[in-house]
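A.B. asks:
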Amino acid sequence: MKGTNYQMFYNKKNDLLSAKFITLVLIISLCALFLFTLSRDIFSANKIVLEPPSANYSLLIKLEDSLSQKNIIFIGDVHGVFDELSELIKIIDYDPLKDHLIFVGDLVAKGPESIKVIKLIRSLGASCVRGNHDDKVLRWKSLLDSLDSQGIGLDAYILRNNLPKDMPVKSEHKLIAEQLDSELYEYLLSCPIILNIPEHDLYVVHAGLLPDTPLLGQDPFDLMNMRNIKDNGKSTKNKKEGHAWTKYWNEAQERSSSPKMVIYGHDASRGLKIKPYSFGLDSRCVYGGELSALRWNKKEIISVKCKQYAD
Numbered sequence: 000m001k002g003t004n005y006q007m008f009y010n011k012k013n014d015l016l017s018a019k020f021i022t023l024v025l026i027i028s029l030c031a032l033f034l035f036t037l038s039r040d041i042f043s044a045n046k047i048v049l050e051p052p053s054a055n056y057s058l059l060i061k062l063e064d065s066l067s068q069k070n071i072i073f074i075g076d077v078h079g080v081f082d083e084l085s086e087l088i089k090i091i092d093y094d095p096l097k098d099h100l101i102f103v104g105d106l107v108a109k110g111p112e113s114i115k116v117i118k119l120i121r122s123l124g125a126s127c128v129r130g131n132h133d134d135k136v137l138r139w140k141s142l143l144d145s146l147d148s149q150g151i152g153l154d155a156y157i158l159r160n161n162l163p164k165d166m167p168v169k170s171e172h173k174l175i176a177e178q179l180d181s182e183l184y185e186y187l188l189s190c191p192i193i194l195n196i197p198e199h200d201l202y203v204v205h206a207g208l209l210p211d212t213p214l215l216g217q218d219p220f221d222l223m224n225m226r227n228i229k230d231n232g233k234s235t236k237n238k239k240e241g242h243a244w245t246k247y248w249n250e251a252q253e254r255s256s257s258p259k260m261v262i263y264g265h266d267a268s269r270g271l272k273i274k275p276y277s278f279g280l281d282s283r284c285v286y287g288g289e290l291s292a293l294r295w296n297k298k299e300i301i302s303v304k305c306k307q308y309a310d
């Protein structure tokens, strides 16, 4: 009897050891499969080229003649603020048969409803230029689409590639990019860096222009980010260096036989800034300021008060 009990115990012990062994083999196999898949993705991720800032863009586009004949209304930085934009469009009594809307960039980010803003602007047939926040969303969208088309995970890509400092993984630009459908992506991508409206002798750009550099020779990144021009003639985002780019632009136009006006946004800290040859339309809406429109034929500023969505 004792021998039988011992044998049963021995068999159960062997069964238990066999089960543990099989479990261990399965775990090792799954780990090996995971590492193989990850290494394959990492290897493939090396083939993905991250677009540099302001990549995949149109630098300079001329507004269609049929649109430039309409009453043009410029609108400042919206930054994902849908309710105030809707209110402003009602207040300006927008008529698509007579009017054409042009946005000065930064349609997205900081505010709560970037996707709804793009949908509305696109539905109105509006023109736009690319802002620095729009550009970050487009770069994220391009990267995510490239990875997705090759079945590569973002984590695998990041293990072998350093993302730019202005493209952190935990960013609202990435979240917005993940929500962009193909139509909204193509619309945002269609916004040029500079919009030329020769019938009115003006340019539209998000941040600014260098007065002494040909348009096609200017750096797109600067045109979406600059605030000042340093003493050496180079642009900078730092307002503590040099002077506002509009100072040099206006001085250059006063000397020119064919002066050009620039409509721009971006510089929220300086707010509405009206000079003879430049109109700054970022009136700090997302920070609790106003969202402003410029009716060009009347040189009339129309604004609505905004809630504060960002600090």
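Each step along the sequence shown adds one to the number in numbering that gives the first Met the number 0, with nothing skipped, and position 131 is 130. Ideal placement from N, C-alpha and C gives every residue a C-beta, glycine not left out.
Decide if GLU253 is buried, meaning its Cβ has at least 16 other Cβ atoms within 10 Å, or exposed.
C.D. replies: So GLU253 counts as exposed.
A.B. asks: Identify the continuous alpha helix (DSSP H) that holds LEU87 and give its terminal residues.
C.D. replies: Looking at the DSSP string, the run of the alpha helix (DSSP H) that includes LEU87 is 81-90.
A.B. asks: Just tell me which of LEU201, HIS199 and HIS205 has its CA closest to the CA of ILE192.
C.D. replies: Of the listed residues, the one whose Cα sits closest to ILE192 is HIS205.
A.B. asks: What are the residues that DSSP puts in a beta bridge with MET260?
C.D. replies: In DSSP, MET260 forms a bridge with LEU201.
A.B. asks: DSSP state of ARG269, grouped into three classes?
C.D. replies: ARG269: helix per DSSP, three-state reduction.
A.B. asks: In chain order, what residues of the same chain have a beta carbon less than 8 Å from the beta carbon of LYS274, not counting five sequence neighbours either side?
C.D. replies: The answer, listed in chain order, is THR245 and ASN249.
A.B. asks: Taking the runs of the alpha helix (DSSP H) that are 4 residues or longer, which of them lie wholly in the stretch 167-222?
C.D. replies: Those alpha helix (DSSP H) runs which fall completely within the stretch 167-222 and span 4+ residues are 171-178 and 181-189.
A.B. asks: Hey, quick one: how far does the beta strand (DSSP E) through ASN70 stretch, first residue to last?
C.D. replies: First-last of the beta strand (DSSP E) with ASN70: 70-74.
A.B. asks: What did DSSP end up calling ASP40 once you bin it into helix, strand or coil?
C.D. replies: For ASP40, the pLDDT reaches just 46, beneath the cut-off of 50, and the residue's location in the model is therefore unreliable, leaving the point undetermined.
A.B. asks: Beta carbon of VAL80, beta carbon of ILE101: below 9 Å?
C.D. replies: No, Cβ-Cβ distance for VAL80 and ILE101 is not below 9 Å.
A.B. asks: Going by DSSP, what residue range makes up the beta strand (DSSP E) through ASP98?
C.D. replies: Run containing ASP98: 98-102, per the beta strand (DSSP E) assignment.
A.B. asks: Could you tell me the alpha carbon to alpha carbon distance between GLU104 and ASP76, rounded to whole angstroms?
C.D. replies: In the sequence on display, residue 104 carries Gly and not Glu. Rounded to whole angstroms, GLY104 to ASP76 spans 6 Å at the Cα level.
A.B. asks: Let's test the definition: count the other Cβ atoms within 10 Å of the Cβ of ASN55 and tell me whether it reaches 16, buried, or not, exposed.
C.D. replies: It counts as exposed.
A.B. asks: Among GLY288, GLU299 and SER126, which has the Cα closest to the Cα of CYS305?
C.D. replies: With distances taken between Cα atoms, CYS305 lies closest to GLY288.
A.B. asks: Is the CB-CB distance between ASN195 and LEU214 below 9 Å?
C.D. replies: Taking 9 Å as the Cβ cut-off, ASN195 and LEU214 qualify as a contacting pair.
A.B. asks: Is LEU179 closer than 9 Å to LEU106 when the C-beta atoms are compared?
C.D. replies: Cβ atoms of LEU106 and LEU179: not closer than 9 Å.
A.B. asks: For GLN217 and MET223, I'd like the C-alpha separation in whole angstroms.
C.D. replies: Going by the C-alpha atoms only, they are around 11 Å apart.
A.B. asks: Going along the chain, which residues of its own chain have a beta-carbon closer than 8 Å to the beta-carbon of ASN296, five neighbours each way excluded?
C.D. replies: So the qualifying residues of the chain are ASN70 and ILE71.
A.B. asks: Apart from the five residues on each side of it in sequence, which residues of its chain come closer than 7 Å, Cβ to Cβ, to TYR308?
C.D. replies: Same-chain partners within the cutoff: VAL80, LYS109, GLY110, PRO111 and VAL285.
A.B. asks: Mind checking ARG159: buried by the 16 CB within 10 Å criterion, or exposed?
C.D. replies: That one is exposed.
A.B. asks: Quick check: TYR202 and MET260, are their CB atoms within less than 9 Å of each other?
C.D. replies: Yes, these two residues count as a Cβ contact at 9 Å.
A.B. asks: For PRO197, does the count of other Cβ atoms within 10 angstroms reach 16, so buried, or fall short, so exposed?
C.D. replies: Its Cβ having fewer than 16 others within 10 Å, PRO197 is exposed.
A.B. asks: What separation, rounded to the nearest whole angstrom, lies between the Cα atoms of ASP200 and ALA292?
C.D. replies: The alpha-carbon atoms of ASP200 and ALA292 are separated by roughly 19 Å.
A.B. asks: Out of SER268, ASN131 and GLN68, which has the shortest C-alpha to C-alpha gap to ASP165?
C.D. replies: Cα-wise, what sits closest to ASP165 is ASN131.
A.B. asks: On a CA-only basis, which of LEU280, TYR276, LEU123 and VAL136 is nearest SER85? Give me that one, please.
C.D. replies: It is LEU123 whose Cα lies nearest to the Cα of SER85.
A.B. asks: Among the residues of its own chain, which have a CB less than 8 Å from the CB of ILE157, if the five just before and after it don't count?
C.D. replies: The answer, listed in chain order, is VAL168.
A.B. asks: Here's the rule I'm using: 16 or more other beta-carbon atoms within 10 Å means buried, otherwise exposed. How should CYS134 be labelled?
C.D. replies: Before going on, a small fix: residue 134 reads as Asp here, not Cys. When all chains shown are included, ASP134 counts as buried.
A.B. asks: Name the two residues that bound the continuous alpha helix (DSSP H) containing LYS115.
C.D. replies: That run of the alpha helix (DSSP H) goes 113-122.
A.B. asks: Using the Cα positions of LYS97 and SER65, report the straight-line distance between them to the nearest angstrom.
C.D. replies: Answer to the nearest angstrom: the Cα atoms are 11 Å apart.
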